[in-house]
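Heads up: the sequence shown begins at 6 in our numbering, then just goes up one per residue. Ideal Cβ placement from N, Cα and C applies to all residues, glycine included. In this text, all values refer to a predicted model and were calculated from it rather than measured experimentally. These notes are about the structure you will find just below.
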Amino acid sequence: MEKKTMNPWFWVPTLYFAEGVPYFVVNNISVMMFAKMGVPNGQMAFFTTLLYFPWFLKGLWSPLVDVVKTKRWWIVTMQILMTIMMAVLTFTLPFPGKELIESGETPMTMFWFTLILFIIAAFASATHDIAADGFYMLAHSTKSQAAFVGIRSTFYRVSSIFGQGVLVYIAGSVEKSTGDIPYSWQVTLGVAAAVFFLVTLYHTFCLPKPDADNDRSNTAEGTNKVKEFLSSFSSFFTKPGVGLAIAFMLLYRLPEGFLIKMCQPFLVASQDKGGLGLDTDAVGIVYGTVGVIMLLLGGILGGNYIAKKGLKKSLWVMAGFMTLPCLTFCYLSECQPENIYAIGTAIAIEQFGYGFGFTAYMLYMMYFAEGEFKTSHYAICTAFMALSMMLPGFVAGYIQEALGYANFFWMVIACCAATLCVTYLAERKVDSEYGKK
Numbered sequence: 006m007e008k009k010t011m012n013p014w015f016w017v018p019t020l021y022f023a024e025g026v027p028y029f030v031v032n033n034i035s036v037m038m039f040a041k042m043g044v045p046n047g048q049m050a051f052f053t054t055l056l057y058f059p060w061f062l063k064g065l066w067s068p069l070v071d072v073v074k075t076k077r078w079w080i081v082t083m084q085i086l087m088t089i090m091m092a093v094l095t096f097t098l099p100f101p102g103k104e105l106i107e108s109g110e111t112p113m114t115m116f117w118f119t120l121i122l123f124i125i126a127a128f129a130s131a132t133h134d135i136a137a138d139g140f141y142m143l144a145h146s147t148k149s150q151a152a153f154v155g156i157r158s159t160f161y162r163v164s165s166i167f168g169q170g171v172l173v174y175i176a177g178s179v180e181k182s183t184g185d186i187p188y189s190w191q192v193t194l195g196v197a198a199a200v201f202f203l204v205t206l207y208h209t210f211c212l213p214k215p216d217a218d219n220d221r222s223n224t225a226e227g228t229n230k231v232k233e234f235l236s237s238f239s240s241f242f243t244k245p246g247v248g249l250a251i252a253f254m255l256l257y258r259l260p261e262g263f264l265i266k267m268c269q270p271f272l273v274a275s276q277d278k279g280g281l282g283l284d285t286d287a288v289g290i291v292y293g294t295v296g297v298i299m300l301l302l303g304g305i306l307g308g309n310y311i312a313k314k315g316l317k318k319s320l321w322v323m324a325g326f327m328t329l330p331c332l333t334f335c336y337l338s339e340c341q342p343e344n345i346y347a348i349g350t351a352i353a354i355e356q357f358g359y360g361f362g363f364t365a366y367m368l369y370m371m372y373f374a375e376g377e378f379k380t381s382h383y384a385i386c387t388a389f390m391a392l393s394m395m396l397p398g399f400v401a402g403y404i405q406e407a408l409g410y411a412n413f414f415w416m417v418i419a420c421c422a423a424t425l426c427v428t429y430l431a432e433r434k435v436d437s438e439y440g441k442k
């Protein structure tokens with residue numbers, strides 16, 4: 006009984022830290038690692054974008070997680086699986102030679118087993134997300150859920166700084182001390198595996214066992230849950246204005262979809278290749294730590310702004326914050342400054358703008374999901390959100406290789422026209438009172 010009434014402080018922070026770590030290892034560490042290993046940007050961007058598929062598709066098996074076994078069982082099982090994958094990644098990581106890395110022609114085929122492990126970890130992580138969010142609603146009261154929503158968000162953000170900042174900094178520090186790039190990433194993956202093992206061990210014995218968390222696979226409720234999902238899926242595509250909504254969800258973030266795949270490779274690429282030539286540990290600080298903090302600050306202030314003005318009056322302002330800061334990467338690629346403070350300031354401005362502008366995107370998805378199947382429709386909207394990052398991600402690296410970094414970032418600016426176009430069309434359809442406190 007004591008475990009069932011456990012204080013949420015003992016499990017909410019660790020659960021949402023555990024939700025974030027594998028996501029950032031799969032989607033961010035992989036990008037930086039392959040770039041440093043000398044994999045060409047085209048191959049790197051294409052194959053790391055494939056890793057995002059499980060988060061795009063997770064709505065398809067969410068009813069299974071909801072009715073088969075318990076949420077706690079899914080959480081612990083997926084954490085054990087992810088721990089194993091991280092450990093195996095650590096011990097099987099290929100070691101391309103220094104000359105091959107410096108040539109920038111390391112074939113992705115050298116990392117085929119690494120990619121398989123990343124894919125398994127990605128599916129486990131996406132499944133863990135479904136179970137963790139469901140468990141959160143079952144394990145404590147509605148009042149407690151509301152009280153801890155900020156705590157869960159905060160510790161997910163802590164995992165972001167750990168994944169994009171701390172781990173990248175560790176890789177850079179080891180690289181500087183040993184001069185061995187593959188070894189630096191082996192150590193980094195080992196640290197991630199060790200930390201995740203400790204969290205998994207804690208949850209295996211200390212995660213509460215609420216009475217409401219039970220296996221419903223052989224009950225009428227479980228059968229109805231699956232039928233409801235199928236019904237909600239079909240009804241989504243018959244909602245009024247669904248075409249415009251899908252266009253907005255796919256195109257509002259188009260500039261960022263291209264930019265996000267190339268910004269880290271750009272930061273570490275040598276100046277003669279059009280990059281900034283930053284050390285890996287410096288990227289962990291300016292992009293993975295300062296950048297993430299500014300991204301979060303932008304999101305917080307964006308939420309406050311939209312609560313005062315409402316979604317309709319905020320859309321144009323948010324679209325401006327989403328697009329104009331992309332110019333900072335045009336400045337960085339054209340001027341190639343060596344001053345770390347100038348670089349950090351530019352990244353901070355871009356990340357703050359993205360965080361601020363992204364708020365409108367999230368609220369628009371909530372707005373369109375309103376109705377009988379609100380939860381399911383919002384899940385489908387998040388699938389389109391994932392697709393909006395995947396489609397440009399597949400080709401971003403090949404476009405950059407063809408254009409060079411400077412022209413690539415100017416192309417990103419041209420894509421801002423798509424953001425402004427869908428903002429103009431969507432703003433006319435939004436209820437003027439929606440989103441106001």
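Its chain contains Leu143 as the residues whose beta carbon lies nearer than 6 Å to that of Ala217, once the 5 sequence neighbours on both sides are disregarded; these appear in chain order. If you ignore the 5 residues before and after Gln48, its C-beta comes within less than 6 Å of the C-beta of Met113, all in its own chain and listed in chain order. Of the candidates Val93, Ala274, Tyr359 and Ile89, Tyr359 places its Cα closest to the Cα of Pro260. With a threshold of 16 other beta carbon atoms within 10 Å, Val247 falls short and is exposed. Close CB contacts of Leu425 within its chain, under the 8 Å cut and outside five residues either way in sequence, are with Ala324 and Thr328 (chain order).
Secondary structure at Trp190: helix, using DSSP grouped into helix, strand and coil. Judged by their CB atoms, Pro59 and Phe128 are nearer to each other than the 7 Å cut-off. In this structure, the CA atom of Met90 is about 10 Å from the CA atom of Gln84. Per the C-alpha coordinates, the member of Leu300, Ser35, Leu281 and Cys331 positioned closest to Cys340 is Leu281. Put simply, of Gly293, Asn32 and Leu98 the residue whose alpha carbon is nearest the alpha carbon of Met42 is Leu98. Separation of Lys317 and Arg433 (C-alpha to C-alpha, rounded to the nearest whole angstrom) is 8 Å. Per DSSP, the unbroken alpha helix (DSSP H) holding Cys421 starts and ends at Tyr410 to Glu432.
If you draw a straight line from the Cα of Ala419 to the Cα of Pro68, it comes to about 40 Å.
Under the three-state reduction of DSSP, Thr75 is assigned to coil, being neither helix nor strand. Taking a C-beta distance under 7 Å as the contact criterion, Val44 and Thr111 qualify as a contact pair.
DSSP places Thr111 in no alpha helix (DSSP H); its state is neither H nor E.
Across the set Ala312, Ile186, Thr243 and Val295, the C-alpha of Val295 shows the shortest separation from the C-alpha of Ile352. Note on geometry: alpha-carbon atoms of Leu306 and Glu104 lie some 47 Å from one another. Straight-line spacing of the CA atoms in Tyr28 and Ile106 works out to 26 Å. Collapsing the DSSP output to three states places Ser275 in coil. The C-beta separation of Asn33 from Tyr57 comes to about 11 Å, leaving the pair out of contact by the 8 Å criterion. Contact check for Ala384 against Gly64 passes: the beta carbons are separated by less than 7 Å. Look at Thr97 here: in three-state DSSP terms it is helix. Counted as a single uninterrupted DSSP element, the alpha helix (DSSP H) harbouring Thr328 occupies residues Leu316 to Thr328. Taking a cut-off of 8 Å on C-beta distances, the segment 362-370 does not touch the segment 395-402, as fewer than three cross pairs fall below it. Look at Gln405 here: in three-state DSSP terms it is helix.
Around the beta-carbon of Thr119, 16 or more other beta-carbon atoms lie within 10 Å, marking it buried. Taking every protein chain shown into account, the CB of Phe357 has 16 or more other CB atoms within 10 angstroms, so this residue is buried. The alpha carbon of Ala23 has as its nearest neighbour, out of Leu206, Asn412 and Ala391, the alpha carbon of Leu206. The beta-carbon separation of Ala197 and Val30, rounded to 5 Å, stays under the 8 Å limit for a contact. Under the three-state reduction of DSSP, Asn32 is assigned to helix. Check the Cα spacing between Ala131 and each of Met394, Arg157, Leu62 and Val17: the tightest is with Leu62. As the crow flies, the alpha-carbon of Gly170 is around 22 Å from that of Pro342. With contact defined as three or more Cβ pairs closer than 8 Å, the segment 172-190 and the segment 274-290 are in contact.
The residue from Phe414, Ala388 and Leu320 with its alpha-carbon nearest to that of Asp436 is Leu320. Assignment of Asn12 by DSSP, reduced to helix, strand and coil, places it in the coil class.
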